[in-house]
Amino acid sequence: MVTKEAVSKWLDAMTDIYLENQKYLTELDSAIGDGDHGNNMARGFKKVREKLPELQEKDIGGLLKGVGMTLMSTVGGASGPLYGTFYMRAGGAVDGKEELDLADVVALFDAGLGGVVSRGRAELGDKTMIDALTPAVEALKAAQEAGQSVEEALQAAAAAAEQGMKDTAPLQARKGRASYLGERSIGHQDPGSTSTYFMMKTASENLT
Amino acid sequence: MVTKEAVSKWLDAMTDIYLENQKYLTELDSAIGDGDHGNNMARGFKKVREKLPELQEKDIGGLLKGVGMTLMSTVGGASGPLYGTFYMRAGGAVDGKEELDLADVVALFDAGLGGVVSRGRAELGDKTMIDALTPAVEALKAAQEAGQSVEEALQAAAAAAEQGMKDTAPLQARKGRASYLGERSIGHQDPGSTSTYFMMKTASENLT
Amino acid sequence: MKKLINAVDDVVKEQLEGMEMAHGDMLAVNYEPFFVYRKDAPVSGKVAVISGGGSGHEPMHGGFVGMGMLDAACPGAVFTSPTPDQMYEAAKKVNSGAGVLNLVKNYTGDVLNFETAAELAHGDGIPVQNILIDDDASVKDSLYTAGRRGVGTTVIAEKIVGGAAEDGYDLDKLADLARKVNMYGRSMGIALSGASVPGADKPLFELSDEEFEFGIGIHGEPGRVRQAMKSADEITEMMVAAILDDEAYTRTVREWDREKGEWEEKELTDEPFASGQDVILFVNSMGGTPVSELYAVYRKAAMILKDRGFNVVRNLVGPYITSLEMQGASITIVRADEEILKYWDAPVKTPGLRWGG
Amino acid sequence: MKKLINAVDDVVKEQLEGMEMAHGDMLAVNYEPFFVYRKDAPVSGKVAVISGGGSGHEPMHGGFVGMGMLDAACPGAVFTSPTPDQMYEAAKKVNSGAGVLNLVKNYTGDVLNFETAAELAHGDGIPVQNILIDDDASVKDSLYTAGRRGVGTTVIAEKIVGGAAEDGYDLDKLADLARKVNMYGRSMGIALSGASVPGADKPLFELSDEEFEFGIGIHGEPGRVRQAMKSADEITEMMVAAILDDEAYTRTVREWDREKGEWEEKELTDEPFASGQDVILFVNSMGGTPVSELYAVYRKAAMILKDRGFNVVRNLVGPYITSLEMQGASITIVRADEEILKYWDAPVKTPGLRWGG
Ligand SMILES: Nc1ncnc2c1ncn2[C@@H]1O[C@H](COP(=O)(O)OP(=O)(O)O)[C@@H](O)[C@H]1O
Ligand SMILES: Nc1ncnc2c1ncn2[C@@H]1O[C@H](COP(=O)(O)OP(=O)(O)O)[C@@H](O)[C@H]1O
Ligand SMILES: [Mg+2]
Ligand SMILES: [Mg+2]
Ligand SMILES: [Mg+2]
Ligand SMILES: [Mg+2]
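Protein chains in written order, with the numbering used here: chain A, 1 to 208; chain B, 1001 to 1208; chain C, 2001 to 2357; chain D, 3001 to 3357.
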């Protein structure tokens, strides 16, 4: 079972990884966007870290919804409402819970993905965070069907996200700022899919 | 005797020398001014060349006054009214003449110098064109007293102007734009004294 | 990348403080969350007009807050869309009861954040509508992109919609006018240099002394093509041709259905320009290009328009929608009719645009 | 050095053409010789106000031609004073019989050319006076320099003198007001980058990413000292201190004696600023610095003025007296009294400055 402490550890690890990779994400965004994705994620998760003590008072659903609200009102840009919606929906899927089993974990990420799709209306292959998130959720579902552990499932999801992220490089962007570059977006990895991979990677290392 | 043709040749040679040295004069002005002295002189004398056929109809006095009017209305900046006044006064000193003897030549440059001083109110050593023009006029007067030829007198004047020009380098400017640099103007040769030296040099080569 | 700033994190806040200190007669600033609002808001009976977007485009939008233009402007971080709480709090502050019209530049971030804000305002019983500005003719295909970006027409729309709001238009009529101005306007931009966000150690893109970027947005995004540097006349010809020869443009936008409380998709088609039309010609600096150079561009643009049978009936020349210190310019042409001209000419009193009254 | 220009020799002419095409409702342009004049000049019974100087400082001066400000502006080549025939022809065009006041920035070239022009106008029976603007506090000593340069106070003086001329001041009263505004104003400027004149292959001075130039003029002249780059607050403190702590400044100016038809020397002394005074605070961009950064400077300047007991009663923030695309800013502080405020507030309708009326 995944405890609330594990979820907090995950959020903490995510803050670290976004701060460590602020420059890297921003560089990816400079190549095909406006060079702020790293700053956006760092600004958002610094605020999450600041609020964590207070948010931890709630159950896991409330905690994640609090994260969503925080990102929504500090990140801005495209990724702010998208990740904001992700965590709000993810929290909604595990409302009232103090612990999560694999079914809860799957529901959490699946609901988050649904939120991102309904807000951003991107399709698979548009070269967005969806391209990392969708295979990750599929991997979680496959692992669940195969009767694997939470740990195994999240490891498979992180690997799928990483592959999805890498697979964005050859794509031509059709959503977000990168779409304005037309063919010039080809050959660059999408920054949002990269921040999503970091989310899945830290999940696999902490949600145990 | 200096003929009107010689005066025309002088104006023509001056046009050439200012066009050839447009960049050089501008560079001198960039160091301690606003980087336009070469352009100003070139603009003015291109117009002089254009008007020369028409101006040549007049006597030498009228010709030089026409040059002054032309410079006055095409050069602008500090050098426009200064050289404009120079040639207007110089022309006034030889009104009605079709030929010049040494006394006329001395009177011409002396009157020009007087015009520059009364317009610009600079003193010797202020690091301006005065610093080349004053010794040149003094040399002319000395040559006249020593009973030299026009050619010898103008050669002495050109040499004196050159020395005066070089001697501006160690001076601190007290007039014109260069004065705003304070001590930073020291070590640079004054652009206006350089254009004055070109005037005297071409005079010595053509007013024969 | 030298700038007149203090700590990078304080840039937006301090610029807002300076604005409030300089223009306290016209506007005030809310600091948590950030929004600039009309000193006398809410104006009784008037629909409130709100806009917003990333900072770095000044005077847009904060400089357009005041009588006859915006009731509130919501600045995000530099080049980053603002967050929904800003627009939501601003709406609550400036709504007089007649509702709020949000003018939203079409960037994914702006659209998503303004949509969330509209949902929140609606939840509070505030009549609300979002109208998209998407006039950047450098973006060709709406199917394979996030659609045309909102650029120069935003300034023109804020002025005209602001004038009509002052004159008592209700929310639906105002939304119709805003949609029309947007559909009548098209823009093209070029850059001679890149812009660098505060704290960055290099510009977002770099151009050599021999090239310029054609078809740029206003966020330091690189444009569509990089070309060998040309004369002002040639560059202006390229820009004007791109606007006048632009074909019909169709896309699907989302507007708010206040009855159902949900987003409604609408297909809109902008007709191409046609000879004989009256137009407003707006020549804009990207920030680092001085107004003197804009006049060279204006000259050629006006000549081409005249040659092609258009009547330039109004104009605007200056730095109004900028991209930090980027050197470059944009041209916006907006077809004008009687209603548009009436509200273009209406008095306006803001730090950035001021006439009449 | 990329610019939006065509042939270097046509730069000024084409910019004037663009200006005339854009602002034909307010002004017209004479092309041989160059001057911009008020559409409705000569204005019956009104003293005409003329200014001029090198091009490259736009909107000054051409952008200030119109109701309530200048009757004519005479642009020289870029960074080069205009020639006397321009001011002389302009004077003949705009003189209504009430005479002409020339506002002359103190640069050797401007002074000499305007003096010649005044002599020519006088010769034609036009009542004329030249008033010098010499407000640049970065120039310390009038004995060992050509005296203080005319910078930001020029804009303020053109507005106030233009307002008073509109109100019927006669030539002598107008000259007194112009002299007073100049003596009440002081400025300081800094640059973050150099400017390059059209056609030049490099800027007039170059600054590394780690330094700025303190005490610059508006012609791309290098300043007095080069320093390590600092924060906006620190730079603003240096500029404001240089202005407020500047001591009494004495110099000899030449004004025209219309009776005698000759130049008369006058010794003038500007008093230092004193706590408790009302002031106009003008924060200006040198061209390449966007208005957003000016607000950071304005914020700190206004705070310092308040701390030191001054009342900022009016302000102006934007690119008004520029140096091509130079990045940098200047601060001008002008002591204000009732007469000055009356004519600052008076309506003005020019391309560059517009309010009221
Ligand atoms: N419509 C969309 N749906 C899903 N993800 C999107 C969409 N548009 C953009 N993104 C993601 O957002 C990322 C950019 O985020 P960010 O740089 O923070 O915002 P902005 O583009 O507003 O500057 C892109 O790399 C992409 O993965
Ligand atoms: N008051 C003065 N009297 C005589 N010569 C002067 C004076 N002021 C400036 N000059 C000369 O003018 C030259 C500069 O001319 P120029 O660059 O054409 O004009 P500007 O300084 O207006 O740009 C200086 O190098 C100096 O020799
Ligand atoms: Mg981005
Ligand atoms: Mg010079
Ligand atoms: Mg962004
Ligand atoms: Mg000059």
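We treat Cβ as the ideally placed atom computed from N, Cα and C, and that holds for glycine.
Owing to the predicted nature of the structure, the values given are computational and were not obtained by experimental measurement.
The beta carbons of Phe2114/C and Ala2072/C sit no closer together than 7 Å.
Residues of the segment 2103-2114 of chain C with a C-beta less than 8 Å from any C-beta of chain A: Tyr2107, Thr2108, Gly2109, Leu2112, Asn2113, listed in chain order. Per DSSP, Leu3103/D lies in no alpha helix (DSSP H); the unbroken beta strand (DSSP E) holding it starts and ends at 3100-3105. In the DSSP assignment, Phe198/A falls within the alpha helix (DSSP H) that extends over 191-206.
Leu3027/D sits in a strand when the DSSP states are folded into three classes. Remark: C-beta atoms of Tyr2295/C and Gly3018/D approach each other more closely than 7 Å. Between the alpha carbons of Ala3048/D and Gly3099/D lies a distance of about 6 Å. Rounded to whole angstroms, Met1072/B and Gly3223/D show a C-alpha spacing of 29 Å. Counting along the chain, Val2197/C sits inside no alpha helix (DSSP H), nor does DSSP assign it H or E at all. Pairwise C-beta distances place the segment 3104-3111 of chain D in contact with the segment 3123-3134 of chain D, as three or more of them are shorter than 8 Å. At a cut-off of 7 Å between C-beta atoms, Tyr1087/B does not count as an interface residue with respect to chain D.
Of all residues in the segment 2076-2087 of chain C, only Gly2076, Ala2077, Phe2079, Thr2080, Ser2081, Pro2082, Thr2083, Pro2084, Asp2085 come within less than 7 Å of chain A when Cβ atoms are compared, listed by chain position. Interface annotation, Tyr2169/C: not in contact with chain D, CB-CB separation never under 7 Å.
When 9 Å is used as the limit between beta carbons, His2122/C is near no residue of chain A, the shortest such separation being about 16 Å. At least one heavy atom of ligand 3 lies less than 6 Å from the C-beta of Gly33/A. Residues of chain B whose Cβ lies closer than 9 Å to the Cβ of Ala3200/D are, in chain order, Thr1026, Ser1030, Gly1035.
In this structure, Ser2323/C keeps its C-beta atom at 7 Å or more from the C-beta atom of Gly2199/C. Not a single heavy atom of ligand 4 lies less than 6 Å from the C-beta of His188/A. Take Ala3232/D, set aside five residues on each side of it, and the residues of its chain with a beta-carbon closer than 8 Å to its own are Glu3293, Ala3296, Val3297, Lys3300, in chain order.
Listed in chain order, the non-local C-beta contacts of His3023/D below 6 Å within the same chain comprise Pro3351, local neighbours out to five positions each way being set aside. The contact set of Val3297/D on chain C, defined by CB atoms closer than 7 Å, consists of Leu2004 in chain order. Under a criterion of Cβ atoms nearer than 8 Å, the residues of chain C adjacent to Thr74/A are, in order, Thr2083. If one requires a minimum length of 3 residues, the beta strand (DSSP E) runs lying completely within the segment 3039-3087 of chain D are 3048-3055, 3072-3078, in chain order. Residues of chain C whose Cβ lies closer than 7 Å to the Cβ of Trp3344/D do not exist; the shortest such Cβ separation is about 14 Å.
The secondary-structure analysis by DSSP pairs Phe2212/C across a beta bridge with Gln2227/C. Residue range 1004-1020 is occupied by the alpha helix (DSSP H) that includes Met1014/B. Among the residues facing chain A, Glu2247/C is not included, as its CB has no counterpart in that chain under 7 Å away. Judged by beta-carbon spacing, Gly1176/B lies beyond the 7 Å limit of Pro3082/D, meaning their Cβ atoms are not closer than that value. Closest option to Met3303/D, judged by alpha-carbon separation, among Leu2192/C, Val2008/C, Gly2056/C, Glu2014/C: Glu2014/C. Listed along the chain, the chain D residues whose CB falls inside 9 Å of the CB of Glu2166/C amount to none; the nearest CB is some 17 Å away. By the CB criterion at 7 Å, Leu1108/B and Ala1093/B fall inside the cutoff. The three-state secondary structure of Gly147/A, taken from DSSP, is coil. For Ala2117/C, the nearest beta carbon of chain A is not closer than 7 Å to its own beta carbon.
Assigned with DSSP and collapsed to three states, Ser3330/D falls in strand.
7 Å or more divides the Cβ of Asp36/A from the Cβ of Lys97/A.
Taken in chain order, the members of the segment 2286-2314 of chain C whose beta-carbon sits within less than 7 Å of a beta-carbon on chain D are Gly2287, Gly2288, Thr2289, Pro2290, Val2291, Ser2292, Glu2293, Tyr2295, Ala2296, Val2297, Tyr2298, Arg2299, Ala2302.
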